[in-house]
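Asker: For the sequence shown, the working numbering begins at 1 and goes up steadily by one. Where is the CB? At the ideal position from N, CA and C, for every residue including glycine.
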Amino acid sequence: MERGRRSGSDDHAGASHQRRGRRIRGWACQLRLAWGSERLPALGPVRVSVLIPAYNAESTVEPALASMLRQTLADIEIVVVNDGSTDSTPAILDDIAARDPRVRVIHAAQRGIIEALNTGISECRGELIARMDADDVSHPRRLEMQVALMDEHPEVSVCGTLVCMFPRRELLGGLVRYEQWLNSLVTDEDIARDMFVESPLAHPSVMVRRRELAAIGGYQDHGWAEDYDLWLRYFVAGKHFAKVPKALVFWRQSQGRLTFTDPRYSVENFLRAKAHYLARSFRSPLTTSGRSIILWGAGKTGRRLSKHLRREGVDFEAVIDIDPAKIGRTLRGRPIVGIEHLCLMLDRLPGVRPFVIAAVSSHGARELIRQQLRELGFAESLDFVCAA
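1) To the nearest angstrom, how far is the alpha carbon of ALA358 from that of GLU367?
2) Ends of the beta strand (DSSP E) at ILE294?
3) Taking only runs that begin and end inside the region 328-362, name each unbroken alpha helix (DSSP H) of 4 or more residues, in chain order.
4) Express the C-alpha separation of PRO263 and GLY223 in angstroms, rounding to a whole number.
5) Exposed or buried, SER361, counting other C-beta atoms within 10 Å across all chains shown (16 or more means buried)?
6) Please determine, among VAL48, VAL356, ALA298, the residue with the shortest C-alpha to C-alpha distance to ASP321.
7) Nearest to MET207 by alpha carbon, out of CYS386, MET145, ARG177, GLU268?
8) Output the boundary residues of the beta strand (DSSP E) element that contains HIS240.
9) What does a CB cutoff of less than 8 Å around LEU149 pick up in its chain, not counting 5 residues either side in sequence?
10) With H, G and I counted as helix, E and B as strand and the rest as coil, what does DSSP make of GLU322?
11) Can ALA393 and VAL163 be called in contact, C-beta distance under 7 Å?
12) Got a sec: does the ligand HEM put a non-hydrogen atom nearer than 6 Å to the Cβ of VAL208?
13) Name the one or two DSSP bridge partners that LEU51 has.
14) If distances are taken between C-alpha atoms only, which option among LEU65, SER292, ARG70, LEU117 comes closest to ASP135?
15) For the beta strand (DSSP E) that VAL103 lies in, which residues bound it at each end?
16) Using alpha carbons as the reference points, say which of GLU123, GLU212, GLN255 lies closest to TYR234.
17) How about LEU342 and PHE316: do their beta carbons lie closer than 7 Å?
18) Excluding five sequence neighbours on each side, which residues of the same chain lie with their C-beta closer than 7 Å to the C-beta of THR187?
19) Rounding to the nearest angstrom, what Cα-Cα distance links GLY313 and GLU226 in this structure?
20) Do the region 264-272 and the region 332-352 meet, that is, are 3 or more Cβ pairs less than 8 Å apart?
21) Is it true that the region 121-132 meets the region 82-97, where meeting means three or more beta-carbon pairs spaced less than 8 Å apart?
22) Do you know how far the Cα of PHE250 is from the Cα of ARG111?
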């Protein structure tokens, strides 16, 4: 299909997203009418605390809060941390809080997203904490459906939802592919399998158990994305994940998002995070497991990841690649070999499999590697992991 030309299905999808946009704006209007000049009754017992950090969000915070105040789940509170906003965000928040006791506003000096989140956590009273951003919108049944899943599955520590990114006309191909991949991961098995490929949950879609979040250390600053770091710590701790299989969060994508502007969210820092937690994962840490480690991928991603793995104390015996031009060379002092090297290792030590880290970022190539390793008897997460 030529660039710029829309198919009938594309037109249908565009119309659907336009209807969603009108619905979101309608929710905000209904809420403003409902507020009027009367303060609502006092807040009762709280089951879910919705945590929203806000910085200079004057153009988006009202519909974001409107979507939360229209939730079908009644026993909620909304904790908004104003992280030193310099626009009219503080006044908007104070006005909403004055009219609805479910909203509590904490005004703080600007210290960044991690400090704002941890400040908010200390103020949350619910046994469950749901994340939300000041520029996103939630479906009215979002909290109800997430609570139902977590009640039915007490083993689940982190519950997300599917997402719909907006505005659709501004989404680049990479974001569309990421949305599709993100929404394909629903079960604990799905999420754990791809934990080291990319961040497998949309941060503003998650709900967690407050006591578990405190026990795992809250949000931490290691120089990489704070949300991905949190999922990786839950994963290493053996916790379970799930998603409500419906798009319940409308996730705004704009050039001002931290994802696009903060160096902590760079590809290099994501690779640092992966290497850090790979070294601490998979039953016994890779640095002390005694298993041979094979890196699959001598391309750009493999070279960069291998650097950070070495810094974390993870060494590898060899590097597999299918490019004849690379085979016979070395990467960080280790030979680059073909797939037959892995077969020889299995023949030499029957029943003893090396641990394979696949560092190939192409989705199609990643699936081929998975297929080849499974055919050789490797079990994902037990004998190999995809890390790109």
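Answerer: To lay it out plainly:
1) 10 Å
2) 293-296
3) 339-348
4) 8 Å
5) buried
6) ALA298
7) MET145
8) 240-252
9) VAL156, CYS159, ALA242, VAL244
10) The sequence shown places Ile at residue 322, not Glu. Coil, per DSSP.
11) Coverage of the chain is limited to positions 1 through 388, which leaves residue 393 absent and any answer about it impossible.
12) With respect to small molecules bound, the structure shown includes none, and the ligand HEM cannot be examined in it.
13) VAL79, ARG131
14) LEU65
15) 103-108
16) GLU212
17) no
18) ALA242
19) 23 Å
20) no
21) no
22) 26 Å
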